[in-house]
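Participant:
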Amino acid sequence: MASSSSLILQPLLLPSTTPRVSFSRLVFLPRRLSPRLRAVSLSTIAMAERTKLPHVLTVAGSDSGGGAGIQADIKACGAMGVYCSSVITAVTAQNTVGVQGVNPVPEAFIEEQLKSVLSDMEVDVVKTGMLPSPGVIKVLCESLKRFPVKALVVDPVMVSTSGDTLSAPSTLSGYRDELFGMADIVTPNLKEASALLGGMQLQTVSDMSLAAKSIHKFGPKNVLVKGGDLSGSSDAVDVFFDGETCYELHGSRVQTRNTHGTGCTLASCIAAELSKGFPMLEAVKAAKAFVENALHYSKSIELGSGPQGPFDHLFRLKSPPYIVAPSLKCHPDDLFLYAVTDSGMNSRWGRSMTDAVEAVIKGGATIVQLREKQMETREFIETATACMEICRRHKIPLLINDRVDVALACNADGVHVGQSDMQARTVRALLGPGKIIGVSCKTTAQAEQAWMDGADYIGCGGVFPTSTKKDNTTIGLEGLKEVCLASNLPVVAIGGIGIGNADLVLGTGVKNLKGVAVVSALFDRESVEGETKKLRSVLERVLSSVSEGTVVL
Numbered sequence: 001m002a003s004s005s006s007l008i009l010q011p012l013l014l015p016s017t018t019p020r021v022s023f024s025r026l027v028f029l030p031r032r033l034s035p036r037l038r039a040v041s042l043s044t045i046a047m048a049e050r051t052k053l054p055h056v057l058t059v060a061g062s063d064s065g066g067g068a069g070i071q072a073d074i075k076a077c078g079a080m081g082v083y084c085s086s087v088i089t090a091v092t093a094q095n096t097v098g099v100q101g102v103n104p105v106p107e108a109f110i111e112e113q114l115k116s117v118l119s120d121m122e123v124d125v126v127k128t129g130m131l132p133s134p135g136v137i138k139v140l141c142e143s144l145k146r147f148p149v150k151a152l153v154v155d156p157v158m159v160s161t162s163g164d165t166l167s168a169p170s171t172l173s174g175y176r177d178e179l180f181g182m183a184d185i186v187t188p189n190l191k192e193a194s195a196l197l198g199g200m201q202l203q204t205v206s207d208m209s210l211a212a213k214s215i216h217k218f219g220p221k222n223v224l225v226k227g228g229d230l231s232g233s234s235d236a237v238d239v240f241f242d243g244e245t246c247y248e249l250h251g252s253r254v255q256t257r258n259t260h261g262t263g264c265t266l267a268s269c270i271a272a273e274l275s276k277g278f279p280m281l282e283a284v285k286a287a288k289a290f291v292e293n294a295l296h297y298s299k300s301i302e303l304g305s306g307p308q309g310p311f312d313h314l315f316r317l318k319s320p321p322y323i324v325a326p327s328l329k330c331h332p333d334d335l336f337l338y339a340v341t342d343s344g345m346n347s348r349w350g351r352s353m354t355d356a357v358e359a360v361i362k363g364g365a366t367i368v369q370l371r372e373k374q375m376e377t378r379e380f381i382e383t384a385t386a387c388m389e390i391c392r393r394h395k396i397p398l399l400i401n402d403r404v405d406v407a408l409a410c411n412a413d414g415v416h417v418g419q420s421d422m423q424a425r426t427v428r429a430l431l432g433p434g435k436i437i438g439v440s441c442k443t444t445a446q447a448e449q450a451w452m453d454g455a456d457y458i459g460c461g462g463v464f465p466t467s468t469k470k471d472n473t474t475i476g477l478e479g480l481k482e483v484c485l486a487s488n489l490p491v492v493a494i495g496g497i498g499i500g501n502a503d504l505v506l507g508t509g510v511k512n513l514k515g516v517a518v519v520s521a522l523f524d525r526e527s528v529e530g531e532t533k534k535l536r537s538v539l540e541r542v543l544s545s546v547s548e549g550t551v552v553l
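The sequence shown begins at 1 in full-length UniProt numbering and counts up by one.
(1) Which runs of the beta strand (DSSP E) fall wholly inside the segment 148 to 218 and span at least 3 residues, in chain order?
(2) Can you check whether the CB of residue 232 is closer than 9 angstroms to the CB of residue 288?
(3) Kindly indicate which three-state DSSP category residue 556 falls into: helix, strand or coil?
(4) Tell me the DSSP secondary structure of residue 277 in three-state form.
(5) Buried or exposed: which applies to residue 26, given that a residue is buried once 16 or more other Cβ atoms fall within 10 Å of its Cβ?
(6) Taking one C-beta from the segment 128 to 145 and one from the segment 169 to 188 each time, how about it: are there three or more such pairs within less than 8 angstroms?
(7) State the CB to CB distance for the pair residue 555 and residue 418, rounded to an integer number of angstroms; the pair is presumed to be in contact (CB under 8 angstroms).
(8) Just to confirm before moving on: does the CB-CB distance between residue 492 and residue 247 stay below 9 angstroms?
(9) Looking at residue 93 and residue 105, is the spacing between their C-beta atoms short of 9 angstroms?
(10) CB-CB under 6 angstroms to residue 386, same chain, minus the five flanking residues each way: which ones, in chain order?
(11) In whole angstroms, what separates the C-alpha of residue 474 from that of residue 459?
(12) Classify residue 114: buried if its beta carbon has 16 or more other beta carbons within 10 angstroms, exposed otherwise.
(13) What three-state label does DSSP hand residue 124 in the structure shown?
(14) Determine the burial state of residue 369: buried for a count of at least 16 other Cβ atoms within 10 Å of its Cβ, exposed for fewer.
(15) Taking only the alpha-carbon atoms, compute the straight-line gap between residue 362 and residue 410 and give it to the nearest angstrom.
(16) Considering residue 86, what are the terminal residues of the beta strand (DSSP E) in which it resides?
(17) Once you ignore the five residues that flank residue 407 on each side, which residues in its own chain have a CB closer than 6 angstroms to its CB?
(18) Taking residue 397 as the reference, which of 382, 84, 182, 364 has the closest Cα?
(19) For residue 77 and residue 83, I'd like the C-alpha separation in whole angstroms.
(20) Can you look up residue 144 in the DSSP assignment and give me helix, strand or coil?
(21) Report the partner residues of residue 501 according to the DSSP bridge assignment.
(22) Would you mind reading off the limits of the alpha helix (DSSP H) that contains residue 58?
(23) Taking the alpha-carbon positions, what's the residue 179 to residue 141 distance?
(24) Under a CB-based cut-off of 9 angstroms, is residue 490 close to chain D?
(25) Between which residues of its own chain and residue 466 is the CB-CB distance below 6 angstroms, once the five residues before and five after are set aside?
(26) Go to residue 404, then tell me how far its alpha helix (DSSP H) extends in each direction, as first and last residue.
(27) To the nearest angstrom, report how far apart residue 343 and residue 371 are at their CA atoms.
(28) Nearest by alpha-carbon distance to residue 295: which of 274, 255, 331 is it?
(29) What do you get for residue 428, buried or exposed, if any count of 16 or more other CB atoms within 10 angstroms of its CB means buried?
(30) What is the DSSP secondary structure of residue 301, reduced to helix, strand or coil?
(31) Between 352, 542, 528, which has its C-alpha nearest residue 500's C-alpha?
(32) Cα separation between residue 154 and residue 214?
(33) In three-state terms, what does DSSP make of residue 226?
(34) Are the segment 230 to 245 and the segment 97 to 104 touching by the rule of at least three beta carbon pairs closer than 8 angstroms?
(35) What is the DSSP secondary structure of residue 363, reduced to helix, strand or coil?
(36) On the premise that residue 196 lies in contact with residue 284, defined as a C-beta separation below 8 angstroms, what is that separation, rounded to the nearest angstrom?
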């Protein structure tokens with residue numbers, strides 16, 4: 001390999017499945033390579049690095065109001081970063097008041113649509129919605145036998161929330177006798193589960209568990225009975241059964257009229273996560289969290305005069321069109337060099353917080369956290385606001401340690417909390433769905449809880465002893481690896497990390513360990529910018545040596 005002085009780090013833009021440059025695939029190009037050869041080289045690498053897009057095919061009805069059906073499925077998959085094609089089974093006339101008409105598509109044309117997509121477009125997962133007749137179910141089953149896919153998600157849509165019939169009663173036997181036996185998961189709501197079980201009354205969570213087990217006998221691998229309409233429950237409780245264990249999945253019950261399309265969206269999000277390769281239970285939890293966040297974000301939207309409005313899958317409707325809001329959600333690569341400020345260290349070296357933030361960003365930090373224990377709240381908000389302006393200018397996310405009030409006041413990109421602080425789900429309820437939430441974790445149980453509560457990443461450690469924490473117990477490299485391997489979230493290592501041991505941390509090679517969080521090694525030094533550059537160089541060198549598929553030209 002050529003010396004680092006003759007190389008530049010050239011990001012390789014991969015397909016949308018990798019939203020930012022992946023540090024697991026670094027491409028080094030010589031600085032003196034001609035523009036033409038550079039373009040040819042990158043083009044060649046890009047062709048070699050092409051990856052297949054996760055692809056969901058939705059087979060459902062069209063909702064003219066845009067809140068449910070095909071329209072909701074496509075928006076939900078788009079929000080989850082997955083390509084979505086469609087086969088339309090019926091065209092409906094509906095709005096926020098209800099369904100005014102249903103016009104089924106001829107079965108022969110549904111079969112033609114299925115053949116067109118399945119024979120050509122490498123579908124990973126099929127998700128079904130409105131199947132208006134037993135004949136349509138038969139056509140779908142035959143098509144899936146001819147063109148198998150990785151997974152089938154069945155949302156047995158029979159009656160709309162407003163009470164309108166969307167499929168013939170005879171479809172019940174089609175679901176039970178033909179389609180369920182091919183399904184990886186079915187997702188009935190309480191009314192649909194009751195209908196499938198001959199009118200069984202579902203009034204408690206125990207009833208839902210019994211229903212899930214009974215529906216499982218029809219042949220699906222997994223069953224999710226949705227309890228959004230369960231009376232007397234303060235939580236939104238769903239029951240998931242995998243053939244062996246019943247799981248009660250609890251979420252916040254969001255009070256809003258904007259619930260049209262929640263069932264379609266949930267099933268589509270499950271399908272989207274499955275298309276990415278996630279296990280079933282993880283996919284269900286991620287889908288449930290997405291729907292909860294969307295409901296929370298959309299609860300004040302006024303659209304239509306009926307009792308059931310749609311919600312905003314893309315979290316954009318309330319943003320004024322003349323404001324181009326930056327992307328606030330955390331990308332894993334943002335965690336690469338995570339700088340945590342310390343007011344005591346800055347004071348010791350005679351620098352302000354804003355000077356420190358400016359310097360660490362110029363040095364190559366990819367995300368900044370303001371940790372402040374000394375300032376009064378008013379001064380902290382003013383300082384954080386000034387730091388936000390710096391970070392916005394450099395397009396670097398800024399998080400606030402612990403203080404949700406300060407994050408709200410300065411419109412920070414998110415908050416990082418510890419185990420003794422506010423729960424991540426409470427932080428999410430206060431900040432909304434568009435912000436970044438990180439949680440400090442030492443154990444696999446804490447990491448699992450952070451994921452269930454809707455965190456975006458975890459900070460794992462302390463890995464090594466540090467003087468910045470009163471609790472100086474460490475988990476070491478083995479503890480870090482254990483948490484990483486058990487975690488569903490990207491991980492940043494924290495605690496006592498600097499130039500001398502960063503190679504040991506990133507050298508573990510665990511895929512979801514995305515970076516290191518550093519305090520003293522950057523801010524308890526005379527030159528913050530210089531130390532940051534040195535550390536970044538070390539991190540890049542370590543990652544380039546352990547990455548699979550590294551290309552050196």
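Think of the CB as a built atom: it goes at the ideal place given N, C-alpha and C, for glycine as much as any other residue. Since the structure is predicted, the reported quantities are computational estimates derived from the model, not experimental observations.
Facilitator: So, from the listed chains and residues:
(1) Runs of the beta strand (DSSP E) lying entirely within the segment 148 to 218 and spanning at least 3 residues, in chain order: 151 to 157.
(2) In this structure, residue 232 does not lie closer than 9 angstroms to residue 288 by Cβ.
(3) It is not possible to answer for residue 556, since the shown part of the chain is limited to 1 through 553.
(4) Looking at residue 277 - three-state DSSP - the assignment turns out to be coil, as it is neither helix nor strand.
(5) Confidence at residue 26 is low in this model, with a pLDDT of 38, below 50, so its placement is unreliable and no value can be given for it.
(6) Three or more Cβ pairs drawn from the segment 128 to 145 and the segment 169 to 188 lie within less than 8 angstroms of each other, which places the two stretches in contact.
(7) In the structure as shown, the chain starts at 1 and stops at 553, and residue 555 therefore has no counterpart that could be examined.
(8) No.
(9) No, the pair does not count as a contact, with Cβ atoms beyond the cut-off.
(10) The beta carbon of residue 386 sits closer than 6 angstroms to the beta carbons of 354 from its chain, once the five residues preceding and following it are set aside; these are given in chain order.
(11) C-alpha of residue 474 to C-alpha of residue 459: approximately 13 angstroms in a straight line.
(12) Buried, since its Cβ has 16 or more Cβ neighbours within 10 Å.
(13) DSSP, read as helix, strand or coil, puts residue 124 in coil.
(14) So residue 369 ends up on the buried side.
(15) Going by the C-alpha atoms only, they are around 22 angstroms apart.
(16) Its beta strand (DSSP E) spans residues 83 to 94.
(17) Around residue 407: 400, 415.
(18) If we check each option's Cα against that of residue 397, 364 comes out closest.
(19) Computed Cα separation, rounded: 7 angstroms.
(20) Annotated three-state conformation of residue 144 is helix, per DSSP.
(21) DSSP, once it has assigned bridges, lists no residue as partnering residue 501.
(22) Where residue 58 is concerned, there is no enclosing alpha helix (DSSP H), although the beta strand (DSSP E) it sits in stretches over 55 to 63.
(23) So the two alpha carbons sit approximately 6 angstroms from each other.
(24) Given the protein chain composition of this structure (a single chain), no chain D is represented.
(25) Once the five neighbours on either side are set aside, the close Cβ partners of residue 466 are 495, 496.
(26) Annotation: the continuous alpha helix (DSSP H) that includes residue 404 extends over 404 to 410.
(27) In this structure, the alpha-carbon of residue 343 lies about 8 angstroms from that of residue 371.
(28) Ranking 274, 255, 331 by Cα distance to residue 295 puts 255 first.
(29) Under this definition residue 428 is a buried residue.
(30) Reduced to three states, the DSSP call for residue 301 is coil.
(31) Of the listed residues, the one whose Cα sits closest to residue 500 is 542.
(32) Roughly 16 angstroms separates the two Cα atoms.
(33) It is a strand residue.
(34) Too few Cβ pairs lie closer than 8 angstroms, so no.
(35) When DSSP states are grouped into helix, strand and coil, residue 363 belongs to the helix group.
(36) Between residue 196 and residue 284 the Cβ distance is about 19 angstroms, and since that is not below 8 angstroms, they are no contact.
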